[in-house]
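Residue numbers (the numbering used here): 3 to 272.
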């Protein structure tokens with residue numbers, strides 16, 4: 003018995019020295035395996051540090067000193083681009099107060115590298131108010147002749163357009179284009195300069211007759227015998243900050259009296 007206890011004790015001591023496990027304590031083949039110990043070091047680090055941040059790119063990747071330098075460079079490029087666009091605009095725009103005062107600086111910037119061979123407006127925008135007016139000689143029912151006052155047809159079109167979101171083509175362009183057509187086909191003495199002169203006269207006379215009829219210029223029982231057309235041109239005043247001096251006196255261009263024919267009235271035929 004003493005020898006048996008000695009052997010058992012030595013086996014226990016050997017197991018403790020070598021870290022072994024007593025075979026009697028091992029699980030049998032049919033019993034479930036003991037779960038392996040779980041290390042918590044990885045999960046704890048992941049929960050503390052979180053996902054890796056994305057690397058910075060572009061200007062954000064630079065140091066603050068270089069970011070300031072990049073911002074200043076972009077600002078300089080933007081200013082130069084705006085100045086260039088403004089210089090090109092003034093170069094191609096019609097003559098105005100700025101181009102007259104700083105024309106040399108504009109030319110020095112544009113020529114020769116940025117020269118433009120086109121203009122922003124062709125022709126230059128109109129700087130005059132041109133009013134087409136008409137008066138009529140009316141034969142009353144009793145045979146008496148009378149001359150009406152001047153009807154400002156351009157002002158009537160202007161009142162029809164003012165505040166109208168969808169003005170008609172007739173209100174905007176009919177009278178203006180008719181007068182431009184007449185001026186282009188007649189000289190300063192109102193004499194026709196080509197074959198289209200007669201056509202422009204008929205066209206203008208037809209329009210003014212339609213307008214006079216709309217305004218009831220003849221009155222009850224009256225008949226319009228002849229009409230006279232004139233234009234009154236007034237220069238648009240320059241802005242207060244401009245040094246430009248222009249005349250504010252209206253200029254009239256008076257046409258001769260035109261007899262009215264059946265073709266000039268509504269539904270007539272020549």
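Positions of the beta carbon are idealized from the N, C-alpha and C atoms, including for glycine.
It should be emphasised that the depicted structure is a prediction, and the values quoted were computed from it without experimental measurement.
Take residue i as the anchor and find which of the options has the nearest alpha-carbon.
i           : options            : result
residue 214 : 117, 201, 155      : 155
residue 254 : 130, 158, 179      : 130
residue 73  : 235, 159, 61, 82   : 61
residue 177 : 164, 143, 151, 132 : 132
residue 92  : 112, 83, 221       : 112
residue 240 : 114, 97, 160, 165  : 97
residue 233 : 249, 222, 242, 256 : 256
residue 118 : 110, 94, 58        : 94
Go through its chain and collect everything with a Cβ distance to residue i's Cβ below 7 angstroms, but skip five positions before and after it.
i           : result
residue 202 : 183, 184, 187
residue 217 : 153
residue 238 : 129, 130, 131
residue 116 : 90
residue 81  : none
residue 168 : none
residue 84  : none
Check whether the Cβ atoms of residue i and residue j sit closer than 8 angstroms, and answer yes or no.
i           : j           : result
residue 231 : residue 210 : yes
residue 181 : residue 134 : yes
residue 99  : residue 244 : yes
State the CB to CB distance for the pair residue i and residue j, rounded to an integer number of angstroms; the pair is presumed to be in contact (CB under 8 angstroms).
i           : j           : result
residue 252 : residue 235 : 7 angstroms
residue 264 : residue 138 : Residue 264 to residue 138, Cβ: 16 angstroms. No contact.
residue 152 : residue 207 : Between residue 207 and residue 152 the Cβ distance is about 16 angstroms, and since that is not below 8 angstroms, they are no contact.
residue 140 : residue 227 : 7 angstroms
residue 89  : residue 108 : 6 angstroms
Should residue i be labelled buried (16 or more other beta-carbon atoms within 10 Å of its own) or exposed?
i           : result
residue 224 : buried
residue 159 : buried
residue 6   : Because residue 6 sits at a pLDDT of 47, beneath the cut-off of 50, its placement in the model cannot be relied upon, and the following sentence gives the value as read from the coordinates. Residue 6 comes out exposed.
residue 229 : buried
residue 266 : buried
Taking 6 angstroms as the limit between beta carbons, can you name the residues of its chain near residue i, skipping five residues before and five after?
i           : result
residue 150 : 137, 138, 219
residue 66  : none
residue 162 : 173
residue 205 : 180
residue 142 : 224
residue 192 : 257
residue 170 : none
Going by beta carbon distance, what residues of the same chain come within less than 8 angstroms of residue i, once the five residues before and after it are set aside?
i           : result
residue 147 : 139, 140, 141, 227
residue 11  : Below a pLDDT of 50, predicted positions are generally treated as unreliable, and residue 11, at 46, falls in that range; no measurement from the model is reported.
residue 196 : 187
residue 157 : 133
residue 189 : 195
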